[in-house]
Amino acid sequence: MDTFLTEKHRIVRSSVRAFAQREIMPISREIDEDRRFPWEVIEKMGKLGYLGIQAPRELGGAGMDAVSYIIIIEEISRAAAAIGLCASVHNSVALYPILAFGNALQHDKFVPDLAKGKKIGAFCLTEPNAGSDASAIEATAIKDGDHYIVNANKVFVTNGGVADICVMFVRTDPAAGPRGISVIVAEKGTPGFVVGEKENLSGMRANPVCSIRLSDCKIPAENLLAKEGMGLKIGLAALDTGRIGIASQAVGIAQAALLDGIKYAKERIQFKVPIARHQSIQNMIADMATQVESARLMVYRAALLKDQKKPFSKEAAMAKLMASETASRVADMAVQIHGGYGYSKAYGVERYYRDARITRIYEGTSEVHRMVIARNILD
Amino acid sequence: MLEPEEILLHVQKNKYGKDMGLNIIVCIKAVAEGTWGAKNTDKNFTLNLFDRPAIEMAMELTKKYDGTVTLVSMGPESACSALYEAMSMGPQKAVLLSDPLFRESDTYATAKVLSAAIKKLAPFDLLFFGTRSSDSDTGHVGPQTSQMLSIPYISNVHEMVDLGMDKATVERRADGFVERFQITGPGAMGVVHDGTEYGYTGLYEIENTFDGKSIQRWDHSDLGLEPHEIGLPGSPTKIVALNPHKSKKQCRFITGDVAQAAETLAQTLSQAGLVD
Ligand SMILES: Cc1cc2nc3c(=O)[nH]c(=O)nc-3n(C[C@H](O)[C@H](O)[C@H](O)COP(=O)(O)OP(=O)(O)OC[C@H]3O[C@@H](n4cnc5c(N)ncnc54)[C@H](O)[C@@H]3O)c2cc1C
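Here the protein sequences line up with chains A and B, keeping their order.
Residue 1 is where the first sequence starts when you use the UniProt record's numbering, and the numbers rise one by one after that.
Residue 1 is where the second sequence starts when you use the UniProt record's numbering, and the numbers rise one by one after that.
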């Protein structure tokens with residue numbers, strides 16, 4: 001992998017790794033068990049620029065490229081995937097659409113606080129009746145003078161419990177089908193903006209994933225991104241970028257599982273030798289390492305294409321599919337290497353196993369990704 | 001050996017508003033990532049952890065008094081990654097001393113190369129080192145280099161108490177004492193961490209580092225050194241053997257009820273001098 005990195009990327013990696021291993025790793029088990037969002041860490045991440053990685057420097061961001069972005073998400077996710085999720089969603093599907101589709105006024109209003117981590121962003125697309133089929137959303141935003149009256153019931157909002165700025169998918173023209181979907185930026189504190197209970201999830205437990213309900217919420221018309229009817233286009237663009245982030249999150253989980261598997265295999269003695277001497281374990285380690293490397297290469301390629309301003313949609317989808325399935329498989333093997341201890345919360349692999357599972361579901365399920373990839377190939 | 005007039009303490013000049021301010025040189029080392037004994041595969045070099053406090057102190061001082069921090073490192077081309085890492089902490093200039101002839105230098109030959117480079121960079125006010133390196137823990141290079149430059153060296157400095165006119169007052173910790181020294185410049189010191197929060201390099205600083213800053217490279221001829229003075233030929237120390245060493249572990253079980261066991265444990269540790 002190193003062969004593909006510039007000096008700068010390597011320094012990004014070593015500095016983020018130092019931070020993640022010292023500040024996040026030691027608390028990763030506790031925040032998972034207590035379902036605690038570690039503000040003390042998030043604040044530091046904001047100061048270091050991890051919450052505005054690709055935002056331009058004029059707007060308070062670090063102004064870095066997509067390769068730096070995935071390096072950072074991988075390293076943070078390796079220490080605690082739920083924090084990697086926070087950073088990935090905040091950077092890619094919350095901040096990015098505002099940057100890419102917002103006007104100068106919206107940039108000034110939202111970007112600096114998000115980029116510095118003073119405010120946390122969220123992405124609100126999924127509803128009870130609209131998951132994989134995003135065009136089925138029922139949330140509405142009806143124009144009323146210089147405002148929209150917004151009603152929405154959004155579920156599974158990552159960062160939902162702490163988010164100040166929500167990129168919200170709504171119908172501005174309920175009669176127009178998919179072309180009637182738009183994106184409006186909703187801010188916490190607006191009357192009618194209600195955050196629901198935290199979801200009791202299997203993994204990603206340190207992330208306050210919540211539902212968010214807007215009831216007759218009056219949102220200024222100037223918060224609408226781009227134009228009415230652009231919603232699906234914005235959503236797809238955001239998810240293309242988001243997928244690279246989720247893919248690198250999956251690589252981070254897989255890397256953690258691989259390293260823990262190697263360590264345990266060398267330490268655990270059965271039949272008078274370290275289990276790493278048994279061929280079945282060696283086969284697992286070889287498969288794990290090979291799969292992690294190939295997933296990572298695909299993620300790098302997608303990010304590199306993005307930096308070169310070339311089409312990367314298919315490559316991002318392939319990388320996300322590959323990396324998320326790899327994370328699940330590798331975490332599963334890491335549990336297997338740990339035997340009964342792997343099924344206990346005393347070791348990290350049990351958490352990787354739970355955390356890895358969701359990467360095959362959110363920001364597009366594996367099935368949806370196969371559809372996207374096949375369409376790209378067959379069209 | 002430097003002549004006194006070659007070296008001027010620029011703090012003084014700066015106070016009268018004449019010169020460019022403090023000139024600090026920090027010697028840093030690139031170490032292979034991982035623990036001691038990790039393979040030197042010519043890649044994955046990272047900044048020696050123990051050099052960070054020296055860079056931090058240099059940056060603090062130049063923020064306060066104005067001036068320039070110059071990094072110097074001897075190592076292969078791949079050591080640049082450590083220099084970049086160090087530059088992302090703020091220093092404005094960096095020199096890599098790189099030459100195949102420098103290979104396999106021991107601490108003495110390394111100090112030769114470093115002191116030659118520092119002479120070339122003179123005049124300067126302060127010369128900083130880390131206290132040790134995480135890959136080969138000798139702690140020799142700082143004192144040896146200072147000796148070759150005929151300037152004073154103070155080890156384990158944790159605080160710069162005062163810096164004025166032609167004097168620097170520093171504090172060092174040793175054997176449970178705090179010692180205060182005054183030296184006339186230029187002087188060298190090994191800087192230790194003063195226990196403040198460990199700083200991580202943010203993305204903003206990394207981005208700044210790569211904004212047009214570049215690393216200068218000097219080889220043996222730039223430094224006026226002869227091949228016999230450096231590398232293996234110039235190294236009086238030869239490593240004869242290198243074997244892993246396992247320290248003996250003693251294990252004693254403390255039994256009994258919890259309060260009593262805790263008391264026994266505390267006493268045992270205290271008697272062994274491990275806790276106060
Ligand atoms: C921890 C977590 C965080 C999340 N964060 C966010 C967030 O921040 N913002 C947000 O908007 N959403 C978020 N989600 C929601 C997530 O994106 C959706 O759960 C996901 O898109 C799938 O939708 P669904 O759950 O409704 O499943 P469904 O769409 O009902 O899918 C059920 C099954 O049917 C399959 N399927 C559906 N349609 C097809 C088809 N056409 N062909 C073949 N198979 C099909 C799916 O692949 C899946 O296997 C999050 C979810 C979780 C669990």
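Note that beta-carbon positions come from the ideal geometry of N, C-alpha and C, so glycine has one too.
Reference Arg-360(A); option with closest CA among Gly-231(A), Val-372(A), Ser-344(A) and Ser-324(A): As a first step, residue 360(A) is located in the first sequence; it is residue number 360 there, counting from the start. When each option's Cα is compared against that of Arg-360(A), the closest is Ser-324(A).
beta-carbon Ile-361(A) near ligand 1 non-hydrogen atom, thresh 7 Å: Taking the first residue of the first sequence as position 1, residue 361(A) is located at position 361. Under cutoff, so the answer is yes.
Runs of beta strand (DSSP E) lying entirely within the stretch 112-177 of chain A, each at least 3 residues, in chain order: Entirely contained in the stretch 112-177 of chain A, the beta strand (DSSP E) runs reaching 3 residues are, in chain order, 121-124, 140-144, 147-157 and 165-171.
Cβ contact (3+ pairs, closer than 8 Å) linking the stretch 135-154 of chain A and the stretch 163-177 of chain A: Taking 8 Å as the limit for Cβ pairs, the verdict is that the stretch 163-177 of chain A does touch the stretch 135-154 of chain A.
Beta carbon of Met-59(B) nearer than 8 Å to that of Thr-201(B): The sequence position of residue 59(B) within the second sequence is 59, counting from 1. The sequence position of residue 201(B) within the second sequence is 201, counting from 1. Cβ atoms of Met-59(B) and Thr-201(B): not closer than 8 Å.
First and last residue of the uninterrupted beta strand (DSSP E) at residue 319(B): The shown model of chain B, from 1 to 276, leaves out residue 319(B), and the question about it has no answer.
Three-state class that DSSP yields for Asn-91(A) in the structure shown: Translated into positions along the first sequence, residue 91(A) becomes position 91. Helix, per DSSP.
Distance, Asp-287(A) Cα to Phe-101(A) Cα: Along the first sequence, read from residue 1 onward, the residue named residue 101(A) stands at position 101. Along the first sequence, read from residue 1 onward, the residue named residue 287(A) stands at position 287. Cα to Cα, the separation comes out at about 42 Å.
Contact with chain A by Ser-81(B), beta-carbon distance below 8 Å: Within the second sequence, residue 81(B) is the residue found at index 81, counting from 1. Interface residue, yes.
Closest residue to Pro-76(B) among Trp-218(B), Met-148(B) and Asp-135(B) (Cα-Cα distance): In the second sequence, residue 76(B) corresponds to position 76, counting from 1. Minimum Cα distance to Pro-76(B) is reached at Trp-218(B).
Buried or exposed by the 16-neighbour rule on C-beta atoms within 10 Å, applied to Thr-145(B): Here residue 145(B) refers to the residue found at position 145 of the second sequence. Buried: at least 16 other Cβ atoms inside 10 Å.
Interface partners of Ser-88(B) on chain A, CB under 8 Å: Reading the second sequence from its first residue, position 88 is the one you call residue 88(B). Result: Ile-11 and Ser-15.
Proximity of Thr-110(B) and Met-148(B) at Cβ, strictly below 8 Å: By one-based count along the second sequence, residue 110(B) stands at place 110. By one-based count along the second sequence, residue 148(B) stands at place 148. No, these two residues do not count as a Cβ contact at 8 Å.
Any C-beta of chain B under 8 Å from that of Leu-48(A): Position 48 of the first sequence holds residue 48(A). Yes, contact with chain B.
Three-state class that DSSP yields for Cys-80(B) in the structure shown: Taking the second sequence and counting its residues from 1, the one referred to as residue 80(B) is at position 80. The DSSP-derived three-state label of Cys-80(B) is helix.
Same chain, Cβ closer than 6 Å to Phe-312(A), neighbours up to 5 away in sequence not counted: Within the first sequence, the letter at position 312 stands for residue 312(A). Hits under 6 Å: Ala-302, Leu-305 and Lys-306.
Ile-86(A) beta carbon near ligand 1 (any heavy atom closer than 7 Å): The count along the first sequence starts at 1 and reaches residue 86(A) at position 86. In the sequence under discussion, the amino acid at residue 86(A) is Cys, which differs from the Ile named in the question. Every heavy atom of ligand 1 is 7 Å or more from the Cβ of Cys-86(A), so no.
Residues bridged to Leu-96(B) [DSSP beta-bridge criterion]: For this step, residue 96(B) is matched to residue 96 along the second sequence. Answer is Ser-73(B) and Arg-217(B).
Partners in chain A for Thr-201(B), counting only beta-carbon separations shorter than 7 Å: On the second sequence, residue 201(B) is found 201 positions in, with the first residue counted as 1. The CB of Thr-201(B) comes closer than 7 Å to the CB of Ser-15 in chain A, given here in chain order.
Within chain B, partners of Ala-94(A) - CB distance below 9 Å: Against the first sequence, residue 94(A) aligns to sequence position 94. By Cβ distance, chain B contributes nothing, its closest Cβ being about 18 Å from Ala-94(A), past 9 Å.
Which listed residue (Val-67(A), Arg-17(A), Gln-279(A) and Met-25(A)) has its alpha carbon closest to that of Gln-308(A): As a working note, residue 308(A) is residue 308 in the first sequence. Answer by Cα proximity: Val-67(A).
Three or more C-beta pairs below 8 Å linking the stretch 97-114 of chain A and the stretch 177-195 of chain A: At 8 Å Cβ cutoff, the stretches touch.
Cβ of Thr-131(B) within 8 Å of any chain A Cβ: As a working note, residue 131(B) is residue 131 in the second sequence. No, its Cβ sits nowhere closer than 8 Å to a Cβ of chain A.
Sequence ranges, alpha helix (DSSP H) only - wholly within the stretch 176-210 of chain B, length at least 4: 203-209
Buried versus exposed, by CB contacts within 10 Å (16 or more), Ser-150(B): For the purposes of this step, residue 150(B) is taken as residue 150 along the second sequence, with counting starting at 1. The residue in question, Ser-150(B), is exposed, as its Cβ has fewer than 16 Cβ neighbours within 10 Å.
Contact check, Ile-73(A) vs Ala-87(A), beta carbons under 8 Å: Locating residue 73(A) in the first sequence gives position 73, counting from the first residue. Locating residue 87(A) in the first sequence gives position 87, counting from the first residue. Yes; because the gap between Cβ atoms is below 8 Å, this pair is in contact.
Residues bridged to Tyr-153(B) [DSSP beta-bridge criterion]: Counting from one through the second sequence, the residue named residue 153(B) turns up at place 153. Paired residue(s): Ala-188(B).
Residue environment, Ala-356(A), which counts as buried when at least 16 other CB atoms sit within 10 Å: Residue numbering aside, residue 356(A) sits at position 356 when the first sequence is read from its first letter. It counts as buried.
At least three beta-carbon pairs within less than 8 Å, the stretch 45-63 of chain A to the stretch 222-230 of chain A: No, because fewer than three Cβ pairs between the stretch 45-63 of chain A and the stretch 222-230 of chain A fall closer than 8 Å, the two stretches do not touch.
Residue from Ile-285(A), Pro-220(A), Glu-199(A) and Gly-203(A) whose Cα sits closest to the Cα of Cys-210(A): Numbered from 1 along the first sequence, position 210 holds the residue referred to as residue 210(A). The residue with the shortest Cα to Cα distance from Cys-210(A) is Glu-199(A).
Inter-stretch contact (C-beta, 8 Å, three-pair minimum) for the stretch 274-290 of chain A and the stretch 326-340 of chain A: yes
Distance CB(Arg-132(B))-CB(Phe-50(B)) smaller than 8 Å: As a working note, residue 132(B) is residue 132 in the second sequence. As a working note, residue 50(B) is residue 50 in the second sequence. Yes, the pair counts as a contact, with Cβ atoms nearer than the cut-off.
Glu-171(B) beta carbon near ligand 1 (any heavy atom closer than 7 Å): Here residue 171(B) refers to the residue found at position 171 of the second sequence. Every heavy atom of ligand 1 is 7 Å or more from the Cβ of Glu-171(B), so no.
8 Å CB neighbourhood of Gly-37(B) in its chain, flanking five on each side removed: Position 37 of the second sequence, counted from the start, is the residue given in the question as residue 37(B). Here Gly-37(B) scores only 47 on pLDDT, less than 50, and its place in the model should not be relied on; the value that follows carries that caveat. Correct list, in chain order: Pro-244.
Cβ-heavy atom distance, Val-157(A) to ligand 1, below 7 Å: By 1-based counting over the first sequence, the position of residue 157(A) is 157. Yes.
Contact residues within the stretch 59-84 of chain B, judged by C-beta distance below 8 Å to chain A: Cys-80, Ser-81 and Tyr-84
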